[in-house]
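**Q**
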Amino acid sequence: MTAPSGQPVSLRRTVTTAGLFFFILGDVLGAGVYVLAGEIAATAGGAVWVPLVVALVLALLTAGSYAELATKYPRAGGSAHYTMRAFGPFVGFLVGFCMLSAGIVSVGTLALGFAGDYLSEFVTLPTALVVVVFLGLLAALNARGISESMGANRVATIIEVSGLILVVVLGIIVVARGDGDLSRLTELGTDDHGPLPAVLAGTVLAFYSYVGFETSVNLAEETKDPARSYPRALFGALVVAGVVYALVGAAAAAVIPTAELAESSAPLLQVVTAAGFVPPVLFSVIALVAVANGALLTGIMSSRLAYGMARDGLLPAVLTRLLPQRRTPWVAIIATTGLSLVLALTGTLEILAGTMVLLLLVVFTAVNAAVLVLRRDPVDRRHFRVPAFLPVAGIVSCIGLTTQVEGEVWRLGLPFLALAAVLAGLAAWRRRARRAP
11 MTAPSGQPVS LRRTVTTAGL FFFILGDVLG AGVYVLAGEI AATAGGAVWV
61 PLVVALVLAL LTAGSYAELA TKYPRAGGSA HYTMRAFGPF VGFLVGFCML
111 SAGIVSVGTL ALGFAGDYLS EFVTLPTALV VVVFLGLLAA LNARGISESM
161 GANRVATIIE VSGLILVVVL GIIVVARGDG DLSRLTELGT DDHGPLPAVL
211 AGTVLAFYSY VGFETSVNLA EETKDPARSY PRALFGALVV AGVVYALVGA
261 AAAAVIPTAE LAESSAPLLQ VVTAAGFVPP VLFSVIALVA VANGALLTGI
311 MSSRLAYGMA RDGLLPAVLT RLLPQRRTPW VAIIATTGLS LVLALTGTLE
361 ILAGTMVLLL LVVFTAVNAA VLVLRRDPVD RRHFRVPAFL PVAGIVSCIG
411 LTTQVEGEVW RLGLPFLALA AVLAGLAAWR RRARRAP
């Protein structure tokens, strides 16, 4: 698109370093830790903070690749755009479809989290009923419009971050009065896993808590001086999120016996209950808002990605249909929500979270490789450049994490990957056919 003068039109650069930092922090500090701290404890033992720190380090490796690519190509796009530039349409579509699938799986995961112990503080209802109503309401809000959805997100982000800080403070109070057990913070391993396998398996789940930073690349085009601002905001937000997560994990493990923590789908609520200062019902509201907000944001991303891929001819054209007044992609919203519903009704919290991580590990591996390939594509702008060994370490770490993925997760994830490969092949073939004379 060009202006009347013939100059290319681009988005206004209005996003500051601080604004970008808080956007990324709000995206990363989401619902994952509210529902997965117990699952991590069941896998890794009482030292819940260790997998969370390891996952942070691994996330920073891949974040370095995103920082280089987002500042080198500061335009709305993302993983699919970078990998298409590096490897062509087949890999680009494969990565885009994996991103779409990960979003659909994530919404199903959060729907199960919403139907768990936090909700039971108010009412006991069948999980299936809660999941259906929850996803239906989110789809309706998504279809109503992006401005309404983003307004709800701003309020929810403040609430969910406050909830995590509250857990840390209450954990300190419980330990200070002698009711906690700090020795649990060094307990690595379970009956099924030794210390090292426990950390690796726990890291796969903990990695779920850091996803979201990859979507921030879409703001690079609107950021003032992206070469300077984007890396600072990205790394700063991830480190802050990692510190908060480690403190939350340590508070939960120090206050609640590991066996009890491992059995809970509302692990942070137990910390609040043990402290006794804050009504559990109040914290349950905070947690439910956090889970709903995470599902809403991910549902928006998934439906818009499906719409965009359909508009480019990569998915059925019916997904491009819009509501006449609201101009929202109602068919894409129904399709992605319907798939999330099926997964939530047939999967478990741990398996769905692991499946999302598996799909994103494929994406992150491709992005890390794209950085190295696109070093041959010089640009005439200043941009962040990551040392070459970090993308290599990112590739190794992603492949290493896939070896820790459980067989049941692979059984759910492989059909997504197989479908992605088939559709990517068709998309690449159609692209070549259109270009043929």
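For the sequence shown, my numbering assigns the number 11 to the initial residue and increments by one for each residue that follows. The beta carbon of each residue, even a glycine, is placed where N, CA and C say it ideally should be. Computed from a prediction, not measured in an experiment: that's the story for all the values here.
Check whether the Cβ atoms of Thr200 and Ala363 lie closer than 7 angstroms to each other.
**A** No. Outside cutoff.
**Q** Does the region 28-41 come within contact of the region 244-264, defined as at least 3 CB pairs closer than 8 angstroms?
**A** Yes, the region 28-41 is in contact with the region 244-264.
**Q** Report, in whole angstroms, the separation of the C-beta atoms of Thr412 and Leu371, which I expect to be a contact under 8 angstroms.
**A** Confirmed, about 5 angstroms.
**Q** In whole angstroms, what separates the C-alpha of Thr196 from that of Ala285?
**A** Between Thr196 and Ala285, the C-alpha separation is close to 22 angstroms.
**Q** For Ala438 and Ala398, what's the separation of their Cα atoms in angstroms?
**A** Distance between the alpha carbons of Ala438 and Ala398 is about 30 angstroms.
**Q** State yes or no: is the C-beta of Ile169 within less than 7 angstroms of the C-beta of Val43?
**A** Taking 7 angstroms as the Cβ cut-off, Ile169 and Val43 do not qualify as a contacting pair.
**Q** For Leu139, count the other beta carbons within 10 Å of its own beta carbon; 16 or more makes it buried, fewer makes it exposed. Which is it?
**A** The residue in question, Leu139, is exposed, as its Cβ has fewer than 16 Cβ neighbours within 10 Å.
**Q** Just to check my reading of the structure: Tyr240 and Leu30 have Cβ atoms closer than 8 angstroms, yes? What is that Cβ distance to the nearest angstrom?
**A** At roughly 7 angstroms, the Cβ-Cβ gap stays under 8 angstroms, so Tyr240 and Leu30 are in contact.
**Q** Quick check on the burial criterion: 16 or more other C-beta atoms within 10 angstroms. Buried or exposed for Ala443?
**A** Exposed, since its Cβ has fewer than 16 Cβ neighbours within 10 Å.
**Q** Smallest Cα separation from Arg336: which of Ala153, Glu131 and Ala90?
**A** The option with the nearest alpha carbon to Arg336 is Ala153.
**Q** Would you be able to state if there are at least three C-beta pairs under 8 angstroms between the region 271-284 and the region 65-82?
**A** As far as the Cβ criterion goes, the region 65-82 does not touch the region 271-284, which means the pair count is below three.
**Q** Could you tell me the alpha carbon to alpha carbon distance between Leu174 and Pro388, rounded to whole angstroms?
**A** Those two C-alpha atoms are separated by around 43 angstroms.
**Q** State buried or exposed for Ala211, treating a residue as buried only when at least 16 other CB atoms are found within 10 Å of its CB.
**A** The residue is buried, with at least 16 neighbouring Cβ atoms inside 10 Å.
**Q** Pull up the distance between the alpha-carbon of Met94 and that of Glu224, whole angstroms please.
**A** Roughly 16 angstroms between the two C-alpha positions.
**Q** I need the straight-line Cα distance from Val185 to Ala431, nearest angstrom please.
**A** Looking at the two C-alpha atoms, the distance is approximately 51 angstroms.
**Q** Three Cβ pairs or more, each shorter than 8 angstroms: is that satisfied between the region 334-350 and the region 53-63?
**A** The region 334-350, when compared against the region 53-63, does not touch it at the 8 angstroms Cβ threshold.
**Q** Quick one: what does DSSP say Ala125 is sitting in, helix, strand or coil?
**A** Coil.
**Q** Taking the alpha-carbon positions, what's the Pro259 to Val367 distance?
**A** The displayed chain sequence assigns Gly, not Pro, to residue 259. Roughly 19 angstroms between the two C-alpha positions.
**Q** Among Ala166, Val415 and Ser312, which one has its Cα closest to the Cα of Ala302?
**A** It is Ala166 whose Cα lies nearest to the Cα of Ala302.
**Q** Among the residues of its own chain, which have a CB less than 6 angstroms from the CB of Val396, if the five just before and after it don't count?
**A** Around Val396: Gly74 and Glu78.
**Q** Which residue marks the beginning of the alpha helix (DSSP H) containing Ile344, and which one marks its end?
**A** Here the alpha helix (DSSP H) through Ile344 covers Trp340 to Thr356.
**Q** For Ser312, count neighbouring Cβ atoms within 10 angstroms of its own Cβ and tell me buried if that reaches 16, exposed if not.
**A** It is buried - the Cβ of Ser312 has at least 16 other Cβ atoms within 10 Å.
**Q** Would you check if the distance between the CB atom of Thr365 and the CB atom of Val133 is smaller than 7 angstroms?
**A** No, they are not a contact pair.
**Q** Using the three-state DSSP reduction, which class does Ala398 fall into: helix, strand or coil?
**A** Of the three classes helix, strand and coil, the one that applies to Ala398 here is coil, per DSSP.
**Q** If you measure between the beta carbons of Val142 and Ala125, is that distance less than 7 angstroms?
**A** No, the pair does not count as a contact, with Cβ atoms beyond the cut-off.
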